[in-house]
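All remarks here apply to the structure that follows.
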Amino acid sequence: MNIYVKEIEIDTHGNTDIIDVTGKVSDVLKETEVETGICLIFTPSSTSGLTTIEYEPGCLQDLRRVFERIAPSGENYAHNARWGDGNGHSHIRAAILGASVTIPVQNHQLVLGMWQQIILVDFDVRPRRRRLQVQILGN
Amino acid sequence: MNIYVKEIEIDTHGNTDIIDVTGKVSDVLKETEVETGICLIFTPSSTSGLTTIEYEPGCLQDLRRVFERIAPSGENYAHNARWGDGNGHSHIRAAILGASVTIPVQNHQLVLGMWQQIILVDFDVRPRRRRLQVQILGN
Amino acid sequence: MNIYVKEIEIDTHGNTDIIDVTGKVSDVLKETEVETGICLIFTPSSTSGLTTIEYEPGCLQDLRRVFERIAPSGENYAHNARWGDGNGHSHIRAAILGASVTIPVQNHQLVLGMWQQIILVDFDVRPRRRRLQVQILGN
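Chains as they are written, first to last, in the numbering used here: chain A, 1 to 139; chain B, 140 to 278; chain C, 279 to 417.
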């Protein structure tokens with residue numbers, strides 16, 4: 001079994017910006033010889049997260065609205081009181097969503113549903129350049 | 140290290156139907172020679188998710204109730220306004236829960252707590268036949 | 279590719295106690311020869327979960343508050359009505375957070391953000407001794 005590692009860069013607008021990273025991850029897979037295995041995508045950050053969703057504007061708007069209810073941006077956060085950086089809600093949303101997704105690889109392709117894309121959600125309160133770690137293990 | 144891949148089929152009733160898939164995943168593991176490794180279970184779908192829970196009727200009822208509060212089925216969703224399929228809440232719940240779980244394998248068995256089962260939660264609004272991807276990596 | 283397995287013990291106070299386990303997981307990695315791979319940390323339990331966060335008191339307080347809103351400890355849970363153990367909210371919080379995290383390994387180190395730590399969140403209603411399964415796959 002082999003391991004292939006690559007970092008991909010994503011520029012975001014922050015503020016629960018949602019970016020489809022499926023194409024960039026697929027490009028990494030194409031550079032490898034892996035037919036069967038797993039693909040881990042990880043964001044080394046505490047204010048962004050990863051998941052899968054149907055990437056269409058309605059779902060993205062709905063996801064933003066629900067995260068605004070789970071951890072509203074306008075509430076008082078103890079993190080903000082200590083550090084004054086105003087992204088307390090970003091940390092909480094990121095911790096709940098999770099920092100990684102793992103996607104199966106078969107026939108040299110990501111196994112995803114027809115309407116399922118891999119997304120980075122950047123909860124921070126300003127534009128960020130994110131570096132995602134992609135690790136592919138397999139034969 | 141070896142990789143073993145199998146698809147398992149699960150029929151669901153939809154509407155946050157919760158199915159214990161531990162037995163079927165264990166059966167896949169038994170077909171392999173893997174003593175030590177990891178087991179990835181992935182749903183290639185944007186309206187269902189996977190996690191672990193104590194599979195008893197009380198917990199299942201509580202989980203359904205809490206998801207109904209996180210993303211209520213009766214709210215207006217931008218996804219529904221665009222596509223008219225009425226499963227906007229299903230997409231949001233699935234994105235938050237996540238499309239996969241990864242379970243350690245040791246002594247040719249899944250490492251799970253005594254009261255911990257692997258569940259598929261189907262958030263879609265109609266019965267579905269789900270195909271879960273099980274990938275076991277190990278020695 | 280090799281696999282390294284170790285169990286680590288964590289004593290908790292329960293009641294959404296949040297423990298930074300990054301150091302103990304790093305110690306396991308140091309015992310191995312793995313330069314590049316993945317590290318799975320799994321809690322074989324249905325009342326605790328794992329994620330990453332900036333481990334500072336403000337974020338921890340905020341995370342506890344948001345979980346208290348998602349699944350309030352004072353509500354009626356069907357699990358409690360059946361079993362009388364009072365930890366219905368613990369099960370629901372754990373199922374939503376998830377029982378594992380997977381962290382990339384590169385240069386014999388965990389790939390984490392500068393302000394990102396791995397945490398165990400113990401949602402149970404009493405102190406517990408938790409045994410986390412750490413599995414490192416790589417070369």
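Heads up, the beta-carbon is just placed ideally off N, CA and C, and yes, glycines get one too.
Per DSSP, the bridge partner or partners of C:N285: The sequence given here places Glu at residue 285 of chain C; Asn does not occur at that position. Beta-bridge pairing links C:E285 to C:Q411.
Determine whether the Cβ of B:I142 lies closer than 8 Å to any Cβ atom of chain A. yes
Rounded C-alpha distance that separates B:V273 from C:I374: 21 Å
Quick check on B:G227: does DSSP put it in helix, strand or coil? helix
Just tell me which of A:L40, A:D17, A:I18, A:I19 has its CA closest to the CA of A:V28. A:L40
Is the shortest distance between the beta-carbon of B:T151 and the beta-carbons of chain A less than 8 Å? no
Using a beta-carbon distance below 8 Å, is B:L251 in contact with chain C? At least one chain C Cβ lies under 8 Å of B:L251.
DSSP three-state label for B:Q245, please. strand
Test item: CB-CB of B:T175 and B:Q245 under 8 Å: yes
In whole angstroms, what separates the C-alpha of C:V312 from that of B:Y143? 23 Å
Go ahead and label C:E309 buried or exposed: buried means 16 or more other beta carbons lie within 10 angstroms of its beta carbon, across all protein chains shown. exposed
Starting from B:P243, find everything on chain C with Cβ-Cβ shorter than 7 Å and list it in chain order. L318, F320, Q411, Q413
With 8 Å as the threshold, decide whether the Cβ of C:D298 is near any Cβ in chain A. no
Going straight from the alpha carbon of A:V25 to that of B:G213, what length do you get? 35 Å
Roughly how many angstroms separate the alpha carbons of B:E195 and B:L189, rounded to a whole number? 16 Å
Out of B:N226, B:I242, B:I192, which one is the CA nearest neighbour of B:T186? B:N226
Kindly give me the distance between the Cβ atoms of B:L251 and B:V160, rounded to whole angstroms, as I take these residues to be in contact under 8 Å. At roughly 12 Å, the Cβ-Cβ gap does not stay under 8 Å, so B:L251 and B:V160 are not in contact.
Could you check if C:D340 is buried or exposed, using at least 16 other CB atoms within 10 Å of its CB as the buried criterion? buried
Give a yes or no on whether the minimum CB-CB distance between A:M37 and chain B is below 8 Å. According to the sequence provided, residue 37 of chain A is Gly. The question's Met does not apply to it. With 8 Å as the cut-off, A:G37 counts as an interface residue toward chain B.
Once you ignore the five residues that flank B:N219 on each side, which residues in its own chain have a CB closer than 8 Å to its CB? G225, N226, G227
CB contact flag (A:R93, A:A78, <8 Å): no
Per DSSP, what kind of secondary structure is C:L318 in: helix, strand or coil? strand
Quick check: what's the CA-CA separation for A:N76 versus C:N417? Cα to Cα, A:N76 sits roughly 46 Å from C:N417.
Chain B contacts from the stretch 78 to 104 of chain A (Cβ-Cβ distance under 8 Å): I96, L97, G98, V101, T102, I103, P104
Does the separation of the CB atoms of C:V399 and C:T330 fall below 8 Å? No, the pair does not count as a contact, with Cβ atoms beyond the cut-off.
For A:V121, list the residues DSSP reports as bridge partners. A:I18, A:G49
Below-8 Å beta-carbon distance, B:D201 vs any chain C residue: yes
In DSSP terms, what A:T12 is bridged to: A:R128
Output yes or no for whether 8 Å exceeds the beta carbon distance between B:T151 and B:P243. Between B:T151 and B:P243, the C-beta spacing is not below 8 Å.
What do you reckon, are the CB atoms on B:L276 and B:I149 nearer than 8 Å? no
Cα separation between B:G162 and C:S323? 18 Å
Is A:G113 helix, strand or coil when you go by DSSP? coil
DSSP state of C:G336 mapped onto helix, strand, coil: helix
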